[in-house]
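Peer 1: If you read the protein sequences in the order shown, they are chains A and B. Numbering-wise, the first sequence is residues 1089 to 1357 according to my numbering. Numbering-wise, the second sequence is residues 1089 to 1357 according to my numbering. Each residue gets a CB set at the ideal place from its N, CA and C atoms; glycine is no exception.
There are 2 protein chains.
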Amino acid sequence: MSMIVIKVGGGKSLNVDAVVADVARLWQEGQRLILVHGGAETTNEVAEALGHPPQFVTSESGYVSRRTDRRTLEIFEMVYCGLLNKMWVEKFQQAGVNAVGLSGLDGRIFQGRRKERLRVRINGRRLVLRDDWTGTVEQVNTELLGLLLDSGYLPVLTPPGASDKGEAINVDGDRAAAQVAAAFHAQALVILSDVPGLLRDFPDESSLIREIPRAKADDFMQFAQGRMKKKVMGAVEAVSQGVGRVIFADGRVESPVSRALAGAGTQIR
Amino acid sequence: MSMIVIKVGGGKSLNVDAVVADVARLWQEGQRLILVHGGAETTNEVAEALGHPPQFVTSESGYVSRRTDRRTLEIFEMVYCGLLNKMWVEKFQQAGVNAVGLSGLDGRIFQGRRKERLRVRINGRRLVLRDDWTGTVEQVNTELLGLLLDSGYLPVLTPPGASDKGEAINVDGDRAAAQVAAAFHAQALVILSDVPGLLRDFPDESSLIREIPRAKADDFMQFAQGRMKKKVMGAVEAVSQGVGRVIFADGRVESPVSRALAGAGTQIR
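#1: Considering arginine 1113 of chain A, what are the terminal residues of the alpha helix (DSSP H) in which it resides?
#2: Under 8 Å between beta-carbons, which chain B residues line up against methionine 1091 of chain A? List them in chain order, please.
#3: Mark alanine 1305 of chain A as exposed unless 16 or more other C-beta atoms lie within 10 angstroms of its C-beta, in which case mark it buried.
#4: Mind listing the chain B neighbours of alanine 1250 of chain A? Cutoff is C-beta to C-beta under 7 Å, in chain order.
#5: Just curious, the beta strand (DSSP E) that methionine 1091 of chain B is in, first and last residue?
#6: Nearest to glutamine 1290 of chain A by CA position, among A/Phe1180, A/Ala1312, A/Ala1250 and A/Ile1092, is which residue?
#7: State the start and end residues of the unbroken beta strand (DSSP E) segment that holds phenylalanine 1336 of chain B.
#8: Could you tell me which chain B residues have their CB closer than 7 Å to the CB of glycine 1073 of chain A, listed as they occur along the chain?
#9: If you scan the segment 1232-1308 of chain A from start to end, which runs of the beta strand (DSSP E) of 3 or more residues do you find wholly inside it?
#10: Closest Cβ-Cβ distance between leucine 1138 of chain A and chain B: below 7 Å?
#11: Which residues, taken in chain order from the segment 1090-1122 of chain A, show a beta carbon closer than 8 Å to some beta carbon of chain D?
#12: Please report the straight-line C-alpha distance between aspartate 1282 of chain B and glycine 1099 of chain B, rounded to a whole angstrom.
#13: What in chain B is Cβ-close to lysine 1174 of chain A, meaning under 7 Å?
#14: Output the boundary residues of the beta strand (DSSP E) element that contains isoleucine 1122 of chain B.
#15: What's the gap between the Cα of leucine 1102 of chain A and the Cα of aspartate 1292 of chain B?
#16: Taking the C-alpha atoms as reference points, what is the distance between aspartate 1262 of chain B and tryptophan 1176 of chain B?
#17: When the Cα atoms are used, what is the spatial distance from glycine 1195 of chain B to lysine 1174 of chain A?
#18: Where does the unbroken beta strand (DSSP E) through glutamate 1204 of chain B begin, and where does it stop?
#19: Cβ atoms of proline 1248 of chain A and asparagine 1258 of chain A: under 7 Å apart, would you say?
#20: Between the segment 1150-1162 of chain B and chain A, which residues of the former have CB atoms less than 8 Å from a CB of the latter, in chain order?
#21: Residues in the same chain with beta-carbon distance under 7 Å from proline 1344 of chain B, minus the five sequence neighbours each way, listed in chain order, please.
#22: Would a check of beta-carbon distances place asparagine 1132 of chain B closer than 7 Å to chain A?
#23: With three or more beta-carbon pairs closer than 8 Å as the criterion, would you say the segment 1119-1138 of chain B touches the segment 1202-1222 of chain B?
#24: Using only alpha-carbon positions, find the residue among B/Ser1294, B/Arg1120 and B/Glu1342 that is nearest to threonine 1354 of chain B.
#25: Here's a check: name, in chain order, each residue in its chain whose Cβ is nearer than 7 Å to the Cβ of threonine 1146 of chain A, leaving out the five neighbours to either side.
#26: Per DSSP, which residues does phenylalanine 1198 of chain B bridge with? Please list them.
#27: Might you give, ordered along the chain, the residues of its own chain that have their beta carbon closer than 7 Å to the beta carbon of valine 1324 of chain B, omitting 5 neighbours on each side?
#28: Does arginine 1347 of chain B pass the burial test, meaning 16 or more other C-beta atoms within 10 Å, or should it be called exposed?
#29: Between leucine 1123 of chain B and the rest of its own chain, which residues show a CB-CB distance below 6 Å, the 5 nearest in sequence each way excluded?
#30: Which of the three DSSP states, helix, strand or coil, is assigned to alanine 1187 of chain B?
#31: Residue ranges of each alpha helix (DSSP H) run of no fewer than 4 residues wholly in the segment 1123-1155 of chain B, ordered along the chain?
#32: Do you know whose CA, among A/Met1316, A/Val1341 and A/Ala1274, lies nearest glutamine 1119 of chain A's CA?
#33: Show which residues of chain A have a CB atom less than 8 Å away from the CB atom of phenylalanine 1237 of chain B.
#34: Let me confirm a value: phenylalanine 1144 of chain A is counted as buried when at least 16 other C-beta atoms fall within 10 Å, else exposed. Which label applies?
#35: Give the interface partners of asparagine 1186 of chain B over in chain A, defined as CB-CB distance under 8 Å, in chain order.
#36: What's the gap between the Cα of threonine 1171 of chain B and the Cα of leucine 1193 of chain A?
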């Protein structure tokens, strides 16, 4: 049966109740679905409140990621797997959807490789970090997810993932969602955030790019700013691995998933 | 196949690595197992650090429980479902056991009733609380747990549970574990904490009660102090519902589960 994977960011302007209502309606109509959520903004707040403020590093290839020492990993798990995962599950349960919230560590749903030596720049200085728990998803446990779906449970997934040694690793949620969509040959991967889609002149919302042909996805990387870079990279990976289409759409509006499926946002196909 | 349910407290003196090694060995020998964990002590610390210190209330029947307003419920979920549940899962994954960590809210594993009006005493004053998320487990989703076990996944469970309306509710971990053991007609429920078992003269560890006949379990309630009260209540419920035996044993030692199964601690049968 056809599958839709939905990725929701952790931004404060996301319309969580609208996402839940829309997903619940699609689910109750019989649509096979998996939801993947983030939580970066809340993690930053809790880390500040607990006296362990967030730090960001830039990789040699120019990607920005969270410095994830052991204490940061714990705070990350408290927010992603505790506060936010259970918030989503509770809202789905209240909407009559029997959701099951899992991290990528559980059952090794997101299995990958830990970067044991992370070469980064912090404020321009080059460093090699060895006590960092960051990694990349290489494999998705479709067996466990299929088992849940076949029994009527909606999987609600979140980082971290598991390294091949079973360590928790901070993995990028957008790229993890892209891997889930690819593993299930999903008909669509819907990526909701606090912008209407990919913008030609960020942050000018009127410069929305409506459609990107699959073959030209790489060329559009130039328009991706900051966090959008990994989203576009995940999208390019997903379409190249057989996902029907990837949609970047607005998560602040009513019926955000249905609108995206009906053509809103940036469609990559 | 015979089932063992293990409940571990959240106390700092619990020997977590010894529990993991012992459970992993039993699991790899083919023993069907479910682990349920707590987290009260760490929740108190995090609540203090976040400026929302814990408060405890006494019910009309004399039981002490955590005042669970909405902010407390969030902190509770951060610690139980985030920090501690993922700590247990990570340690099991590193020990080669494919653990899946779930709260009682997920798939409504612990379904129960929210106490919409909680009659309590706080510092001697009588109050009725209406904004409290506390409840009691009435039903266990054995279908979902059986599905995971049959596919080779070790369930690692933790409160909260789900009310019939899908709200998250703070449920007692010991009594939830007793309900899981009863639902599976487990051969044993092993309750590990930071004492050697039920003590006739708490905290004198030499006053350990070695055995309690099933029929006399109620009489031993008089020896239960503070937190132990709910543990004994859970044990009485479990044996009366067909669990082979309930063991209160020391979680601070090496091979704590094997020792308990071999006769250590307080055996209720």
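Peer 2: To lay it out plainly:
#1: First-last of the alpha helix (DSSP H) with arginine 1113 of chain A: 1104-1116.
#2: Simply none; closest approach about 20 Å.
#3: Looking at its Cβ environment, which holds 16 or more other Cβ atoms inside 10 Å, alanine 1305 of chain A is buried.
#4: When 7 Å is used as the limit between beta carbons, alanine 1250 of chain A is near these residues of chain B: Gln1181, in chain order.
#5: If you look at methionine 1091 of chain B, you'll find it in the beta strand (DSSP E) that goes 1091-1096.
#6: Residue identity differs from the one stated: residue 1290 of chain A is phenylalanine in this sequence, not glutamine. Per the C-alpha coordinates, the member of A/Phe1180, A/Ala1312, A/Ala1250 and A/Ile1092 positioned closest to phenylalanine 1290 of chain A is A/Ala1312.
#7: Residues 1333-1338.
#8: Because chain A here runs from 1089 to 1357, residue 1073 of chain A falls outside it and cannot be looked at.
#9: You should have 1242-1246, 1249-1251 and 1276-1281.
#10: At least one chain B Cβ lies under 7 Å of leucine 1138 of chain A.
#11: Here chain D cannot be found, since the structure's protein chains are A and B.
#12: Those two C-alpha atoms are separated by around 7 Å.
#13: For a Cβ distance threshold of 7 Å, residue set Glu1165, Cys1169, Ser1191, Leu1193 and Ala1256 of chain B lies close to lysine 1174 of chain A, ordered along the chain.
#14: Where isoleucine 1122 of chain B is concerned, the enclosing beta strand (DSSP E) stretches over 1120-1125.
#15: Going by the C-alpha atoms only, they are around 55 Å apart.
#16: Straight across, the Cα-Cα distance linking aspartate 1262 of chain B with tryptophan 1176 of chain B is about 17 Å.
#17: For the pair glycine 1195 of chain B and lysine 1174 of chain A, the Cα-to-Cα distance works out to about 11 Å.
#18: For glutamate 1204 of chain B, there is no enclosing beta strand (DSSP E), since its DSSP letter is neither H nor E.
#19: Going by C-beta atoms, asparagine 1258 of chain A is nearer than 7 Å to proline 1248 of chain A.
#20: So the list reads Glu1162, given in the order they occur along the chain.
#21: By the criterion of a C-beta distance shorter than 7 Å, proline 1344 of chain B is surrounded in its chain by Asn1103, Ala1106, Val1107, Asp1110, Leu1280, Ala1337 and Asp1338, once the five residues flanking it on both sides are discounted.
#22: When Cβ-Cβ separations below 7 Å define contact, asparagine 1132 of chain B makes no contact with chain A.
#23: Not touching, per the Cβ criterion.
#24: Threonine 1354 of chain B has its Cα closest to that of B/Ser1294, out of B/Ser1294, B/Arg1120 and B/Glu1342.
#25: Cβ within range, chain order: Val1152, Val1208 and Arg1209.
#26: According to DSSP, phenylalanine 1198 of chain B bridges with B/Val1228.
#27: Only Ala1305 and Asp1306 meet the Cβ criterion.
#28: With 16 or more other Cβ atoms within 10 Å, it is buried.
#29: Once the five neighbours on either side are set aside, the close Cβ partners of leucine 1123 of chain B are Ile1094 and Val1244.
#30: In this structure, alanine 1187 of chain B counts as strand in the three-state DSSP scheme.
#31: Segments of the alpha helix (DSSP H) lying fully in the segment 1123-1155 of chain B: 1128-1137.
#32: Checking every option, the nearest Cα to that of glutamine 1119 of chain A belongs to A/Ala1274.
#33: The question names phenylalanine, yet the displayed sequence has leucine at residue 1237 of chain B. Result: empty, since nearest Cβ-Cβ is about 12 Å, beyond 8 Å.
#34: Exposed is the call here.
#35: Ordered by position in chain A, the residues that pass the 8 Å Cβ test against asparagine 1186 of chain B are Gly1195 and Arg1196.
#36: Strictly speaking, residue 1171 of chain B in this sequence is leucine, with threonine absent from that position. For leucine 1171 of chain B and leucine 1193 of chain A, the distance between alpha carbons rounds to 13 Å.
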